[in-house]
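Following: one structure in structure tokens, then a few remarks.
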Amino acid sequence: MAMLADSSPENQRKKIVEVTMANVQPEKVNWLWPNWIARGHLHLIAGDPDVGKSFLTCELAAIVSSGRNWPDGSPNDSPGDVFMLVGEDDLGHTVRPRLDAHDADVNRVHAFDSREILRRGLNDLREAMDRHPKLRLIIVDTLNDFVAIGDGNNNQDAREALGTILNIARERNVAIVLITHTPKRDGKFTRRAIDSVLGARSLSAMPRFVYVVAKSTDKLDLRIIAPIKANLVPKKVAKSFEIVESRLAWTPGGIEITADELLNPKRGPAPEKMRDCVEWLKDTVTCEAWLPSSELEEMAKELGFSLGTLIRAKSEVKVKPKRFYKQWYCCLRSESGAYPPAPPKPVTPDNDLQDAQLATS
Numbered sequence: 275m276a277m278l279a280d281s282s283p284e285n286q287r288k289k290i291v292e293v294t295m296a297n298v299q300p301e302k303v304n305w306l307w308p309n310w311i312a313r314g315h316l317h318l319i320a321g322d323p324d325v326g327k328s329f330l331t332c333e334l335a336a337i338v339s340s341g342r343n344w345p346d347g348s349p350n351d352s353p354g355d356v357f358m359l360v361g362e363d364d365l366g367h368t369v370r371p372r373l374d375a376h377d378a379d380v381n382r383v384h385a386f387d388s389r390e391i392l393r394r395g396l397n398d399l400r401e402a403m404d405r406h407p408k409l410r411l412i413i414v415d416t417l418n419d420f421v422a423i424g425d426g427n428n429n430q431d432a433r434e435a436l437g438t439i440l441n442i443a444r445e446r447n448v449a450i451v452l453i454t455h456t457p458k459r460d461g462k463f464t465r466r467a468i469d470s471v472l473g474a475r476s477l478s479a480m481p482r483f484v485y486v487v488a489k490s491t492d493k494l495d496l497r498i499i500a501p502i503k504a505n506l507v508p509k510k511v512a513k514s515f516e517i518v519e520s521r522l523a524w525t526p527g528g529i530e531i532t533a534d535e536l537l538n539p540k541r542g543p544a545p546e547k548m549r550d551c552v553e554w555l556k557d558t559v560t561c562e563a564w565l566p567s568s569e570l571e572e573m574a575k576e577l578g579f580s581l582g583t584l585i586r587a588k589s590e591v592k593v594k595p596k597r598f599y600k601q602w603y604c605c606l607r608s609e610s611g612a613y614p615p616a617p618p619k620p621v622t623p624d625n626d627l628q629d630a631q632l633a634t635s
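Taking our numbering, the leading residue of the sequence shown gets 275, the next gets one more, and so forth.
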């Protein structure tokens, strides 16, 4: 008489594998953009509509495809291929012109017209990756357009969907950047920045890097990308950019502002800190001349005021920002309602050369 197989849950459960850590070799992070984007990992960028997320993805695609240096001066290993999964923007009317504006090598950028590419066992995606062995980056814009995550609030659905994509990143040693939206906010501090990703908590828990993009409340047209979390690096500062003539233009250096401060400017620092910053601003910014904003921010940093505190204090003091010669300046309005005349044009080596040429012509 044949013995029936044991079909009890105890017999059918998946075997647990034991790993002795002495047998695990430490691995260095393989960076695409040092300290910002890592190969073999997931990255999530969240933001409201019209904050420049798509411009940012075109800039990333252009840097990878052209092989030029990263915004902070970090060198690029070599030109690589990029996959762009675009769900919201038209390829001909929007994506291609933006790639051209960012000087991308469009021969290395490949788009996919089916939203099923990540939902059909990934065979089509793997075949495409086989055709492009120099693939470095996959951009998914937006996550909800291409990834089946149930109702977006189910952690199990989200974890399974992202787990499948993470396996691809590790298997092919590519960086994957996922774009998503932030939930509607009422202008009050109602959540931490880590909760600002639309959908289940797993959407922000699984990626090693999560960033938020938002408009500055201090400087018109300025966008800020701030890290919500970056598990593989020490503390990082935010970066900022503007959209100038259909192209993303980075501003030099970093910005000392946290994601919480960026998303919740009305939360505010400790009352005494805010009071001290307001009084200092009243003594520093005048209605008689425009002060370079970079100098003001540097002075505030030396005095221990964060950028978030400075932004809120400037709003209370009614500091006016204005752009001259591709730089930001600020001042106060006089009692008559007038502003001071434009500041003198900064002297640069190029200006000196032009002046010398004019003098000898």
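Just so you know, even glycine gets a beta-carbon here, dropped at the ideal spot from N, CA and C.
Own chain partners of residue i with C-beta closer than 6 Å, once the 5 adjacent residues on each side are dropped
{"i": "residue 303", "result": "312 and 506"}
{"i": "residue 417", "result": "452 and 454"}
{"i": "residue 619", "result": "599"}
{"i": "residue 447", "result": "313 and 314"}
{"i": "residue 535", "result": "582"}
{"i": "residue 590", "result": "552"}
{"i": "residue 414", "result": "359, 420 and 452"}
{"i": "residue 533", "result": "467, 486, 500 and 502"}
{"i": "residue 310", "result": "none"}
{"i": "residue 380", "result": "373"}
{"i": "residue 482", "result": "315, 505 and 506"}
{"i": "residue 224", "result": "Nothing about residue 224 can be read from this structure; the chain reaches only from 275 to 635."}
Extent of the continuous alpha helix (DSSP H) to which residue i belongs
{"i": "residue 567", "result": "567-576"}
{"i": "residue 335", "result": "327-340"}
{"i": "residue 498", "result": "Looking at the DSSP string, residue 498 is not in any alpha helix (DSSP H); the run it does join, the beta strand (DSSP E), is 497-504."}
{"i": "residue 552", "result": "545-558"}
{"i": "residue 536", "result": "533-537"}
{"i": "residue 399", "result": "397-405"}
Beta-carbon contacts of residue i that lie in its chain and below 7 Å, excluding the five residues immediately before and after
{"i": "residue 511", "result": "528, 529 and 530"}
{"i": "residue 577", "result": "554"}
{"i": "residue 408", "result": "354 and 355"}
{"i": "residue 613", "result": "594, 605 and 607"}
{"i": "residue 345", "result": "513 and 524"}
{"i": "residue 464", "result": "Residue placement at residue 464 is flagged as unreliable, the pLDDT there being 45, under the threshold of 50; a coordinate-derived value is accordingly withheld."}
{"i": "residue 425", "result": "Interpretation of residue 425 is limited by its pLDDT of 49, a score under 50 that renders its predicted location unreliable; the figure taken from the coordinates is listed afterwards. Nothing meets the Cβ criterion."}
{"i": "residue 342", "result": "350"}
{"i": "residue 548", "result": "542, 583, 586 and 587"}
{"i": "residue 340", "result": "353, 377, 378 and 379"}
{"i": "residue 566", "result": "601 and 603"}
Given residue i as reference, the closest of the options once Cα atoms are compared
{"i": "residue 375", "options": "589, 332 and 385", "result": "332"}
{"i": "residue 389", "options": "361, 574 and 618", "result": "361"}
{"i": "residue 372", "options": "407, 519 and 433", "result": "519"}
{"i": "residue 359", "options": "328, 344, 337 and 378", "result": "328"}
{"i": "residue 561", "options": "595, 537, 572 and 536", "result": "595"}
{"i": "residue 317", "options": "548, 307, 386 and 326", "result": "307"}
{"i": "residue 357", "options": "288, 391, 350 and 559", "result": "391"}
{"i": "residue 386", "options": "405, 379, 365 and 378", "result": "365"}
{"i": "residue 384", "options": "370, 396, 377 and 397", "result": "370"}
{"i": "residue 404", "options": "419, 414, 442 and 438", "result": "442"}
{"i": "residue 552", "options": "579, 381, 534 and 321", "result": "579"}
{"i": "residue 397", "options": "379, 438, 368 and 508", "result": "438"}
{"i": "residue 368", "options": "412, 494, 521 and 504", "result": "521"}
{"i": "residue 412", "options": "335, 319, 363 and 291", "result": "335"}
{"i": "residue 377", "options": "337, 347, 320 and 323", "result": "337"}
{"i": "residue 480", "options": "290, 450 and 489", "result": "450"}
{"i": "residue 320", "options": "517, 570, 484 and 573", "result": "484"}
{"i": "residue 352", "options": "401, 305, 488 and 601", "result": "305"}
The beta strand (DSSP E) enclosing residue i, as first and last residue numbers
{"i": "residue 357", "result": "355-360"}
{"i": "residue 516", "result": "513-518"}
{"i": "residue 598", "result": "594-598"}
{"i": "residue 483", "result": "483-489"}
{"i": "residue 415", "result": "409-415"}
{"i": "residue 318", "result": "316-321"}
{"i": "residue 451", "result": "449-455"}
{"i": "residue 373", "result": "Careful: residue 373 lies outside any beta strand (DSSP E), inside the alpha helix (DSSP H) at 370-375."}
Neighbourhood of residue i by C-beta distance below 8 Å, restricted to the same chain and skipping five residues each side
{"i": "residue 616", "result": "564 and 598"}
{"i": "residue 508", "result": "none"}
{"i": "residue 573", "result": "558"}
Identified DSSP bridge partners for residue i
{"i": "residue 604", "result": "565 and 595"}
{"i": "residue 521", "result": "518"}
{"i": "residue 344", "result": "DSSP output for residue 344 lists no bridge partner at all."}
{"i": "residue 687", "result": "No statement about residue 687 is possible, as the shown extent of the chain runs from 275 to 635 and does not include it."}
{"i": "residue 385", "result": "358"}
{"i": "residue 391", "result": "The partner list for residue 391 (beta bridge, DSSP) is empty, contrary to what the question assumes."}
{"i": "residue 529", "result": "512"}
- Query: Counting Cβ pairs closer than 8 Å, one from the segment 490-505 and one from the segment 609-616, do we hit at least three?
  - Reply: no
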